[in-house]
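Residue numbers (our numbering), protein chains in the order written: chain G, 1 to 213; chain H, 1001 to 1507. Written out below as structure tokens is the structure these notes cover.
So this is what it looks like as structure tokens:
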């Protein structure tokens, strides 16, 4: 009996690992449940050519901005020399990190928490002596900034934007007049009329149907 | 008849594979090494438990990433500290093999729980691999040798050649071995899903990142793209084969040897520390009884050669009397409870957020206006130079990547002029001109670089019509010059004292 149960356990465990391999291979259900993280082996599945940092700022009622990361009691550097907020690429938890800094510090009333993504090409991470061996050009690093997310002072999500690299990729595709024309043709749109605040504020304004060929 | 015999043979082989009895030396070693590795990562986090794992800080639960808010509770600070301290205690007790089974059970529950509570800075794939390993060790008898438990049971245990070692079915070790192979297979599939892995681009950019710990040679390896490509192909072949051939004989030694080299290089080039250590500790599952006896014989010979006769000592010949189990349990429980209480009190006194400082709570300092202005200037267009990754001239390409960089050419040679750009990028016209030392354009060329492509090359034949001397390949993006490379053509054109092995130096 014990051996049967053991065999069942062995078969079940191997089936579980096999299920993970199949899901990963076929891209099936990979994000269906947190448990999938424990059977999908997708180490280093992504890559980017830009280095990125997240800055969590508090915007005060006076218009002043305050850095909420690093927190005044010190940053936690989990895997190297950069702060913990930088390992939240989807900006899911940085709002809470900002709220935590606000909770335990003295400050003026804060209106909102703003998350700014700073990026630069990774080639500028090369140390100077190797840069000089690899490139003929002078090393002239410039950062680009992008509004990643906005949270209320209590951490409520107000706005979340795609990663800057995703924005670049979208721009590449959308910078196409024919595509933009296709996207707008045959698509209903609505306008919001503030004067109708007490009634239905959404008014259909146009509906254009594509003409048959 | 023949078919049924084959089936019976296969069944017997599977039975022997999983249920052959052995002394779990490999698992006992893993039981000692794995918790020590996990402690390296856990101890720095022990000072931040309130911030990283509690509702009184800024936990980052994994289940929220998957759209399951509230799937598991986020503990308050006191509970988080108590559980984290208990987890540390169990890592140490597992390491020494004290109440091994219960320690591993607690670890198997708490270790992934804390990982999931902080998906930003604690949970990684090494957490997952270690969780699997802890769960399988929990099912094994890894605490039956080389442990406090065995010592308390009064067993003579230290020398594999003389010890009275218990024997158990091999299946936990077999499952750990299969786990190692399946993780490698999954990693190989990930690479197959990533075309940039096969051009070396993915590895290149990972070596350039500052998200991992510092590494000693990653930046230098970038100067040798051929090496990156070769390593990429060797890695994927090795990861795919591992599960199928790393079981016995020379193949086992070869696969494990490559694995050790591979994980060492993930530290040396990528700055990974805990992941390679976790994985190397899993390799201990490949140690079998014969390996241990082989090592024990050699150690004995070594000891006989090194130590003088009078310093040699024989371990006690008879087993000791066993300690009563209830007393051992009570001691274990009291030690755990005491450590948890000490942990809670120490954490409370450490005042991690500085709210009880004599000078009062921390004050937020306003950012300088010029810094705010800089950060609030969003989504500026890219400079052409920031679209370029590299611009090189050479003669040999491997997998579409230029692997040598040269600046001296003879008539009749063909140069490959390659431009690599950052991803993502728009459809681009890459203009490449050949200009002489006086700035006159000798040849004008270029290519369209579609958005899905990261590099383009043009070929240039140095015909006899070209006079000896100095020339420049000039790269234009967006119609503007962004880079240029100096070359010398012909014997008379070479500068005095120029190196014949420029390798990568183009200046």
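All C-beta atoms, glycine included, are put in the ideal place defined by N, C-alpha and C. These numbers come from a predicted model, not from an experiment.
If you count every other CB in all the chains shown that lies within 10 Å of the CB of residue i, and 16 or more means buried, which is it?
i                      : result
residue 137 (chain G)  : exposed
residue 1278 (chain H) : buried
residue 1423 (chain H) : buried
residue 1112 (chain H) : buried
residue 1487 (chain H) : buried
residue 186 (chain G)  : exposed
residue 1128 (chain H) : buried
residue 1016 (chain H) : exposed
residue 1172 (chain H) : buried
residue 982 (chain H)  : Outside the modelled stretch of chain H, which goes from 1001 to 1507, sits residue 982 (chain H), for which no answer is possible.
residue 9 (chain G)    : exposed
residue 1195 (chain H) : exposed
residue 1396 (chain H) : exposed
residue 1044 (chain H) : exposed
residue 2 (chain G)    : exposed
residue 56 (chain G)   : buried
residue 1297 (chain H) : exposed
residue 1154 (chain H) : exposed
residue 106 (chain G)  : exposed
residue 1001 (chain H) : Annotation note: pLDDT 43 at residue 1001 (chain H) (below 50); position unreliable, coordinate value reported separately. Burial call: exposed.
residue 1421 (chain H) : buried
residue 1448 (chain H) : exposed
Output, in chain order, the set of chain H residues within a Cβ distance shorter than 7 Å of residue i.
i                     : result
residue 12 (chain G)  : Going along chain H, no residue has its Cβ under 7 Å from residue 12 (chain G), so there is no contact; the nearest lies around 11 Å.
residue 64 (chain G)  : 1366
residue 147 (chain G) : 1378
residue 88 (chain G)  : 1060, 1120
residue 122 (chain G) : 1205, 1208, 1209
residue 127 (chain G) : 1219
residue 168 (chain G) : 1424
residue 144 (chain G) : 1380
In the DSSP assignment, what residue or residues form a beta bridge with residue i?
i                      : result
residue 1415 (chain H) : H:1460
residue 1480 (chain H) : H:1477
residue 1486 (chain H) : H:1472
residue 1023 (chain H) : Partner(s): none; residue 1023 (chain H) has no beta bridge.
residue 1429 (chain H) : H:1448
residue 1441 (chain H) : H:1435
residue 1357 (chain H) : The partner list for residue 1357 (chain H) (beta bridge, DSSP) is empty, contrary to what the question assumes.
residue 1388 (chain H) : H:1421
residue 1168 (chain H) : H:1022
residue 1332 (chain H) : Partner(s): none; residue 1332 (chain H) has no beta bridge.
residue 1060 (chain H) : H:1118
residue 1408 (chain H) : H:1488
residue 150 (chain G)  : G:114, G:159
residue 51 (chain G)   : G:120
residue 1455 (chain H) : H:1420
residue 1398 (chain H) : H:1401
residue 1393 (chain H) : H:1417
residue 1363 (chain H) : G:106
Please list the partners that residue i has in chain G, where partner means a Cβ-to-Cβ separation under 9 Å.
i                      : result
residue 1494 (chain H) : Those within 9 Å of residue 1494 (chain H) in chain G number zero; the least Cβ separation is about 19 Å.
residue 1363 (chain H) : 72, 105, 106, 107
Interface residues of chain G around residue i at Cβ under 7 Å?
i                      : result
residue 1128 (chain H) : 37, 38
residue 1064 (chain H) : 92
residue 955 (chain H)  : This structure cannot speak to residue 955 (chain H), because chain H is shown only from 1001 to 1507.
In chain H, which residues lie with their C-beta within 8 Å of the C-beta of residue i?
i                     : result
residue 177 (chain G) : Here the premise fails: no neighbours, minimum Cβ distance about 14 Å.
residue 130 (chain G) : 1219, 1220, 1222, 1223
residue 45 (chain G)  : 1190, 1193, 1194
Please compile the residues from chain G whose C-beta is within a distance smaller than 8 Å of the C-beta of residue i.
i                      : result
residue 1508 (chain H) : One cannot answer for residue 1508 (chain H) here, as it falls past the ends of chain H, which runs 1001 to 1507.
residue 1171 (chain H) : 6, 10
residue 1352 (chain H) : 73
List the residues of chain H whose Cβ lies closer than 9 Å to the Cβ of residue i, in chain order.
i                     : result
residue 42 (chain G)  : 1125, 1186, 1187, 1189, 1190, 1193
residue 20 (chain G)  : 1182, 1186
residue 116 (chain G) : 1375, 1376, 1378
Against chain B, does residue i count as a neighbour if the rule is that its beta carbon must be under 8 Å from one of theirs?
i                     : result
residue 172 (chain G) : Protein chains in the displayed structure are G and H, and chain B is not among them.
Quick one, which residues of the segment 1195 to 1224 of chain H are near chain G if we go by CB-CB under 8 Å, in chain order?
1196, 1201, 1202, 1205, 1206, 1208, 1209, 1210, 1211, 1212, 1213, 1214, 1219, 1220, 1222, 1223
Mind checking the segment 1370 to 1396 of chain H against chain G and listing, in chain order, the residues whose C-beta falls within less than 8 Å of any C-beta there?
1372, 1374, 1375, 1376, 1377, 1378, 1379, 1380, 1382, 1383, 1385, 1386, 1389, 1390
Which whole runs of the alpha helix (DSSP H) in the segment 55 to 129 of chain G are 4 residues long or more, in chain order?
Every alpha helix (DSSP H) stretch that sits fully inside the segment 55 to 129 of chain G and reaches 4 residues is listed by chain position as 94 to 103.
Quick one: which residues of the segment 1450 to 1461 of chain H get their C-beta closer than 7 Å to a C-beta of chain G? List them in chain order.
1451
What alpha helix (DSSP H) runs, 4 residues minimum, are completely inside the segment 1175 to 1250 of chain H?
1195 to 1198, 1201 to 1208, 1218 to 1221, 1225 to 1245
Write down every uninterrupted run of the alpha helix (DSSP H) in the segment 1025 to 1052 of chain H whose length is 4 residues or greater and which is fully enclosed by it, in chain order.
1025 to 1046
If contact means a Cβ-Cβ distance below 9 Å, which residues of the segment 1476 to 1490 of chain H contact chain G?
Per Cβ criterion, the list reads 1482, 1483, 1484, 1485, 1486.
What residues in the segment 1009 to 1029 of chain H bring their beta carbon closer than 7 Å to a beta carbon of chain G?
1018
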